[in-house]
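Since the structure comes first, as structure tokens, the remarks are kept for the end.
There are 2 protein chains.
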Amino acid sequence: MNKRRKSPIQMISTEEHHCSIDLRLKILGRLPFFTDLNQTQLKAINQRFNSLGFTKDEYIYFSGDTSERMFVVAEGKIKLFQPGFEKRNVLLNILLEGDLFGNLTVFGSSTYTDTAQSLTSSCILSISSQSFGEILEEYPSLAIKSLQVMEKRLIAANKRVFEISTLPVEQRIVVTLLTLGEKLGKKTDQGVLIDAPISREDLAEMTAATPESVSRVMKQFQNNGIIDSGRLWVSILDLAVLRKLVEIE
Amino acid sequence: MNKRRKSPIQMISTEEHHCSIDLRLKILGRLPFFTDLNQTQLKAINQRFNSLGFTKDEYIYFSGDTSERMFVVAEGKIKLFQPGFEKRNVLLNILLEGDLFGNLTVFGSSTYTDTAQSLTSSCILSISSQSFGEILEEYPSLAIKSLQVMEKRLIAANKRVFEISTLPVEQRIVVTLLTLGEKLGKKTDQGVLIDAPISREDLAEMTAATPESVSRVMKQFQNNGIIDSGRLWVSILDLAVLRKLVEIE
DNA sequence: CGGTTTATTGATTCCCGTCAAGCAAGGTGG
DNA sequence: CCACCTTGCTTGACGGGAATCAATAAACCG
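Chains as they are written, first to last, in our numbering: chain R, 73 to 321; chain X, 73 to 321.
Okay, here's the thing in structure tokens:
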């Protein structure tokens, strides 16, 4: 049995992130969104953005705050969740470089329906929803791409409703691990490492379960050699078996 | 105690729906979407739509079908759900006149992730996703409005994830009844009647519960005079009490 | 009026949440 | 580098909320 219990995840967050103009341009240019634009257009749009660095665990906004900004992850990992009474949060999503969040539409000013917290140190670009709206008016193709992003998320959210509604805890954990692996997985010689600091509690908040239940299930999986896991990290050792666990009979 | 057990919902579905050009124009003109357009533009867009009548319980499309159309409800009620193994469906939404469904984006051709079924006889307008995409390119304001529709739905879906994850069955049923009342409620002298044929099973599929559990909870509510309900219908008698049941302490 | 679908109700089971104690990993400061 | 503390993970015992199974009743339909 594997006795490597040291976390394989880099948690370095010492360096300050400056979110330089260069970084901003690079990030924006890489977004699927802006691929159609030429350099001049990109620069013009870039000017409308602000940038801000966040440290680990810092909050970007809170559920209920008046929402008039749209954000883009330039660097780092961001956690979106709905805060519940008594620690009963629900984790909605973990975002990566290039992902949008905040207020994507121009509903006048509304309030955020979730809380955004930096899982690592991060660099975040932001733009007022109004400016974003103006950009969308100007470049219809961007609006359509935003629409596609939103539809993807809606489909994912509905899929999750389905899973929570119909699957037992073990299978909910499996699909969650598979999703995380797909989004955050890094191939290593020890399997697919989920490259973000994920706790049992985070997993519980993703699967509508308790940290204790998650722990029990994960321990099983470890004993069967399907995964390896420790404090704030998970690695998938046997994707095939994991997938088989949620196949329809 | 009220002994009216006959369904107060009109189930007449005898007449054929013709989805005439007139009806189509009227519906399209009423959509929040198209309010900015003038009569000429509206007519041009109208030409790109087809219309089709469906009878009660008829399917419009199935989850997994190749999806290349976007639909608009012109008349009737449409149920969207994700089919599960062994009757374990999950009901995603009940749509009304003016609501959009199907493939809103232009992802090439993908597949539908839900099944659409007519709850009543209905008239449905449809347009190829490609044509819809062209319209969006032409009228950026429409794309932005679509984006707002999608964001609303995403927020609603996330809210639902939160509710299923954190609330016990009774409260899940309460929030579902409140939502239904808001969307489908008709004021009558007997309270707010939910104007659609909703079964215990439908409610179960909306609340991640079983029909039996729903029945037990609903019976309680009836005994307390909060609601009245029978075969395929529900009426909310005391909104205030219902709301109080899900308030945060 | 029989046949079908939907709703109710009870008895039983069990998955999973709750509570509580102990353990391991990581960080810090002397 | 080790004692100490904090935070996160594990493990067990227990109980309860809701699913399951099953049988009856009510509403609707041709």
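Ideal Cβ placement from N, Cα and C applies to all residues, glycine included.
- Contact annotation for L249/X against chain R: no contact, minimum CB-CB distance about 17 Å [criterion: below 7 Å].
- Distance between E242/X and R272/X, taken at the CA atoms: about 14 Å.
- Proximity to D300/R across G263/R, A268/R, L250/R and E319/R peaks at G263/R, based on C-alpha coordinates.
- Not one beta carbon of chain R lies nearer than 8 Å to the beta carbon of Q189/X.
- In chain X, no part has a C-beta under 8 Å from the C-beta of F204/R; the shortest such distance is about 10 Å.
- When the five nearest sequence neighbours on each side are left out, the beta carbons in the same chain lying within less than 7 Å of the beta carbon of G101/X are those of L114, in order along the chain.
- For G156/R, the nearest beta carbon of chain X is closer than 8 Å to its own beta carbon.
- With a 10 Å radius around the Cβ and a threshold of 16 neighbouring Cβ atoms, T138/X comes out exposed.
- Going by DSSP, G125/X is part of the beta strand (DSSP E) stretching over N122 to F126.
- Closer than 8 Å to the CB of Q262/X there is not a single CB belonging to chain R.
- Taking a Cβ-Cβ cut-off of 7 Å, the neighbours of P212/R in chain X comprise L208, E209, P212 and A215, given in sequence order.
- Considering only beta carbons, the part of the stretch 222-254 of chain R lying closer than 8 Å to chain X consists of M222, E223, R225, L226, I227, A229, N230, K231, R232, V233, F234, I236, S237 and T238, in chain order.
- About 16 Å separates the CB atoms of F204/X and A188/X; that is not less than 8 Å, and the two are not in contact.
- In the structure shown, the three-state DSSP call for T187/R is strand.
- With a threshold of 16 other beta carbon atoms within 10 Å, A116/X falls short and is exposed.
- Across the set Q202/R, G156/R and V286/R, the C-alpha of G156/R shows the shortest separation from the C-alpha of N230/X.
- Cβ proximity to chain X below 7 Å picks out F157, R160, V162 and L164 from the stretch 157-172 of chain R.
- Within the stretch 185-241 of chain R, the runs of beta strand (DSSP E) at least 3 residues long that lie entirely inside it are, in chain order, 187-190 and 194-200.
- With a cut-off of 8 Å on Cβ pairs, the stretch 288-296 of chain R is not in contact with the stretch 204-213 of chain R, counting fewer than three such pairs.
- The CB of L176/R comes closer than 8 Å to the CB of L219 and E223 in chain X, given here in chain order.
- The shortest C-alpha to C-alpha distance from N175/X to any of S198/X, T127/X, A276/X and I166/X is the one to S198/X.
- Around the beta-carbon of R315/R, fewer than 16 other beta-carbon atoms lie within 10 Å, marking it exposed.
- Taken in chain order, the whole beta strand (DSSP E) runs of length 3 or more contained in the stretch 112-160 of chain X are 122-126, 131-133, 141-147 and 150-154.
- Taking CB atoms only, A116/R has no neighbour in chain X less than 8 Å away.
- Listed in chain order, the non-local C-beta contacts of K78/R below 8 Å within the same chain comprise G302, local neighbours out to five positions each way being set aside.
- By the Cβ test, the stretch 145-164 of chain R is in contact with the stretch 233-240 of chain X, since at least three Cβ pairs between them sit closer than 8 Å.
- Interface annotation for the stretch 277-299 of chain R against chain X: A280, criterion Cβ-Cβ distance under 7 Å.
- For V162/R, the pairing in a beta bridge is given by DSSP as Q154/R.
- With its beta carbon less than 8 Å from one in chain X, T185/R belongs to the interface.
- In the displayed model, G253/X falls within a helix according to three-state DSSP.
- A Cβ-Cβ distance of about 6 Å is found for the pair L103/R and G170/R, placing them in contact under the 8 Å criterion.
- Using a Cβ distance threshold of 8 Å, K149/R and T177/R do not count as a contacting pair.
- If you ignore the 5 residues before and after T279/X, its C-beta comes within less than 8 Å of the C-beta of I236, V241, R244, I245, T248 and V286, all in its own chain and listed in chain order.
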